[in-house]
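Have a look at the structure below, then the notes.
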Amino acid sequence: MGLAFAIPIDIAMNVANQIKDKGRVTRGRIGVQIQEVSKETAEAFGLPKATGALVNSVEKGGPADKAGVESGDIITKVDGREVKNSSELPRIITVVRPGSKVTLTVWRKGAARDIAVTVAEMKEETPAAPKRSGTTPKEKAKPNRMGLVLSDLTDEQKKELDLKHGVLVEDITGSVRGNVQPGDVILALVNRGQSTDVRSAEQLNGVLAKLDKGASVTLRLKRGEQEFFSTLRINNGD
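For the sequence shown, the numbering used here assigns the number 81 to the initial residue and increments by one for each residue that follows.
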């Protein structure tokens with residue numbers, strides 16, 4: 081059908097050698113969910129260039145969690161090998177023998193630091209179906225300068241979502257670029273390398289109102305069971 085697929089030679093050789101030696105293939109894992117680092121995201125996190133893999137969430141009790149990796153870290157190197165984009169990190173980690181230690185270089189709060197992680201073996205897992213938040217909208221608020229209509233989470237919603245803080249995106253008006261949808265919960269805002277927990281709609285709207293037009297901000301979002309980051313630019317006027 082005119083389709084072709086390419087497998088990196090290091091992965092192919094690793095698989096072949098494992099089959100010869102052990103009769104089966106093992107793959108390494110560190111227990112993180114990641115996403116790409118765009119130019120705007122790098123700017124919001126204070127990273128000099130768009131490189132590495134942004135950690136969306138860390139598996140509780142997993143190798144990365146035990147080593148001290150945090151959500152919002154950007155993994156830029158593994159044992160000194162540069163991670164140019166998010167797709168490179170799984171390719172590097174999966175060929176590491178389970179039980180081995182690797183040194184992750186992460187960008188956190190405007191500085192690089194090294195973290196030693198013991199790689200675990202990847203197991204086949206059945207993904208859990210995301211649950212609906214079941215949130216109920218409150219009285220309609222006015223959109224902020226980014227076109228987001230926000231409301232505070234009720235105590236019942238916080239309990240249902242297992243959250244201590246955050247605000248609900250009720251609606252989106254105008255043209256908002258970025259992966260933000262009604263029903264998302266905004267957990268934190270990152271600007272100039274600093275992360276701020278979002279505890280109320282008033283607080284978040286106040287922070288956004290003070291930012292310069294054209295500034296890049298990254299929102300940490302929760303959608304169902306997934307947490308991720310979305311970067312937007314302040315384009316609206318006050």
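Even glycine gets a Cβ: it sits at the ideal position worked out from N, Cα and C.
The shortest CA-to-CA distance from residue 223 to any of 243, 287, 252 is the one to 252.
For residue 251, there is no enclosing alpha helix (DSSP H); the residue is part of the beta strand (DSSP E) that begins and ends at 247 to 252.
Inter-residue distance for residue 124 and residue 175 is about 32 Å (C-alpha atoms, whole angstroms). Residue 199 and residue 291 have their C-alpha atoms some 41 Å from each other.
DSSP lists no beta-bridge partner residue for residue 238. Taking a contact as a CB-CB distance under 8 Å, the pair residue 274 and residue 189 counts as one, their CB atoms being some 7 Å apart. Residue 153 sits buried, since 16 or more C-beta atoms from the chains shown fall within 10 Å of its C-beta. For residue 131 and residue 287, the gap between their C-alpha atoms comes out near 27 Å. One alpha carbon belongs to residue 250, the other to residue 265, and they sit about 9 Å apart.
8 Å or more divides the Cβ of residue 260 from the Cβ of residue 230. When secondary structure is reduced to three states using DSSP, residue 184 falls in the strand class. Ranking 172, 140, 258 by CA distance to the CA of residue 157 puts 172 first. Taking 8 Å as the cut-off, the Cβ atoms of residue 161 and residue 108 do not count as close.
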